[in-house]
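> Have a look at this one before I ask anything.
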Amino acid sequence: MALVLAALVVTLAPASPAGAAGLTVAQAQRRLAALGCDPGRADGELGAWTRAAVVRFQSRHAMAQTGRLDATTRQRLAASSAARCDRRPVPAASGSGRRIVASQRQNWVWLVGADGSVVAQGGMVDNPAELRPGSYATGSYCGRAARVVRNRSGSLWLDHFVRFAACGFGFHRIPRSMSSGEQIHPDHFLGTDTFRSHGCFRVSSQMARSVWDFTAARRTTVRVVRG
11 MALVLAALVV TLAPASPAGA AGLTVAQAQR RLAALGCDPG RADGELGAWT
61 RAAVVRFQSR HAMAQTGRLD ATTRQRLAAS SAARCDRRPV PAASGSGRRI
111 VASQRQNWVW LVGADGSVVA QGGMVDNPAE LRPGSYATGS YCGRAARVVR
161 NRSGSLWLDH FVRFAACGFG FHRIPRSMSS GEQIHPDHFL GTDTFRSHGC
211 FRVSSQMARS VWDFTAARRT TVRVVRG
C-alpha cells in the first residue's frame, strides 16, 4: 500500500505554585513529563517535541488539539485533576470482550483482554479520511497475507504488519527507510495528528510487537471509534 505523508501544521503532579496563567514553558514541560505526555527535555523551548506532548495532553482532555500552551491548556495542566496522557480509559461504546480499540480523535490504541483489562495501550498516527469508524477484524483480505513480519511499501519497511481491513489497512511500526533503516518520523509524534498515514495505524516498535503477539492465535476484532 502506497503511503502518502502530509505533515499537518500543529503550530499527576502537584499544581505549580506559579498558578495556571504563570506556568513557564519549562514548568509546563516538567508538568507534561510528570503526566506521561513525553515533552522531551525541559529546555524552555516550545519545539515540535513539546508541542506534540501538548497535543497528547489536549486530546486526553477532549480539548482542541492546537499544540499551543494557551490559557485554557495551562489551567488544565495546573489542575490537580489533570489526567495522565499515557493511561487512558477504553472509550465507551467500543464493544466488549477481547478486542483492539482505536480512537481516531485521541490517536490512541488499546489492546483489551477478554476480562476487559487493558493489556497494552499507546499512541498512533492514522488518517480518518481513509478509514471509517466501525467494526473490523484481523485477517487476510483481497488475497493478501494477514500478517507480514516485514512488509514493504515502495522504499519503506512496514514492520510487524497486521492486516485488519480490505485491502491494505493494517497496524505496523512507523515506516522505516529501506536504505537507512530510520523511521520516517520520531515516536513522539504518535498520539497526535501532526502526520497522516494513508489509512494504516502507525504505532511504536513496542506496540507493533504487542499487536503482533495479541493477534497471533486468533482472528481479533478491531473497533475503530471517533471518540
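Counting with our numbering, you get residues 11 to 237 for the letters of the sequence shown.
From the three backbone atoms N, C-alpha and C, an ideal C-beta is built for every residue, glycine too.
Hey, quick one: how far does the alpha helix (DSSP H) through V128 stretch, first residue to last?
Looking up residue 128 in the sequence shown gives position 118. Note, V128: premise wrong, no alpha helix (DSSP H); beta strand (DSSP E) at 128-133.
> Excluding the 5 residues flanking G54 on each side, which residues of the same chain have their C-beta closer than 8 Å to its C-beta?
In the sequence shown, counting from the first residue as 1, residue 54 sits at position 44. So the qualifying residues of the chain are T34, V35, A36, Q39.
> Quick one: any contact between the segment 181-188 and the segment 75-94, if contact means 3 or more CB pairs under 8 Å?
With a cut-off of 8 Å, the segment 75-94 and the segment 181-188 do not count as touching, because too few Cβ pairs lie within range.
> With a threshold of 7 Å on Cβ separation, who are the neighbours of S104 within its own chain once the five nearest residues in sequence on each side are excluded?
Position 94 of the sequence shown holds residue 104. V111, R233, V235, listed in sequence order.
> Quick one: grab the DSSP three-state call for Q193.
In the sequence shown, the residue the question calls residue 193 occupies position 183. Residue state, collapsed to three classes: strand.
> Distance, Cα to Cα, A88 vs T82?
Counted from its first residue, the sequence shown places residue 88 at position 78. Counted from its first residue, the sequence shown places residue 82 at position 72. Approximately 10 Å, taken between the alpha carbons.
> With distance defined between alpha-carbon atoms, name the residue in A175, R41, G46, G180 nearest to L168.
Counted from its first residue, the sequence shown places residue 168 at position 158. The residue with the shortest Cα to Cα distance from L168 is G180.
> Near A175, what residues of its chain come up, given a Cβ to Cβ distance below 6 Å and the 5 sequence neighbours on each side ignored?
Here residue 175 corresponds to residue number 165 of the sequence shown, with the count starting at 1. Correct list, in chain order: Y146.
> Any chance the segment 125-143 sits against the segment 153-165, with 3 or more Cβ pairs inside 8 Å?
no
> Taking the DSSP output, what are the residues bridged to A175?
Along the sequence shown, read from residue 1 onward, the residue named residue 175 stands at position 165. In DSSP, A175 forms a bridge with F179.
> Hey, quick one: how far does the beta strand (DSSP E) through R41 stretch, first residue to last?
What you label residue 41 is simply residue 31 of the sequence shown in a count that begins at 1. Per DSSP, R41 lies in no beta strand (DSSP E) segment; the continuous alpha helix (DSSP H) that holds it begins and ends at 35-44.
> What residue does the alpha helix (DSSP H) around A102 start on, and which one ends it?
Numbered from its first residue, the sequence shown carries residue 102 at position 92. Neither: A102 is in no alpha helix (DSSP H) and is coded neither H nor E.
> CB S207 to CB N137, shorter than 7 Å?
By one-based count along the sequence shown, residue 207 stands at place 197. By one-based count along the sequence shown, residue 137 stands at place 127. Closer than 7 Å, so yes.
> Taking all protein chains shown into account, do 16 or more other C-beta atoms lie within 10 angstroms of the C-beta of L15, making it buried, or fewer, making it exposed?
To locate residue 15, count along the sequence shown from 1; it is residue 5. Summary for L15: the model assigns pLDDT 38, below 50, so the residue's position carries little reliability; its value from the coordinates is reported in the next sentence. Counting Cβ neighbours within 10 Å, L15 comes out exposed, since fewer than 16 surround it.
> In whole angstroms, what separates the C-alpha of L193 from that of L166?
Here residue 193 refers to the residue found at position 183 of the sequence shown. Here residue 166 refers to the residue found at position 156 of the sequence shown. According to the sequence as given, residue 193 is Gln; it is not Leu. Roughly 9 Å between the two C-alpha positions.
> Which of helix, strand or coil does DSSP assign to S215?
Translated into the one-based positions of the sequence shown, residue 215 becomes position 205. In the structure shown, S215 falls within a helical segment according to DSSP collapsed to helix, strand and coil.
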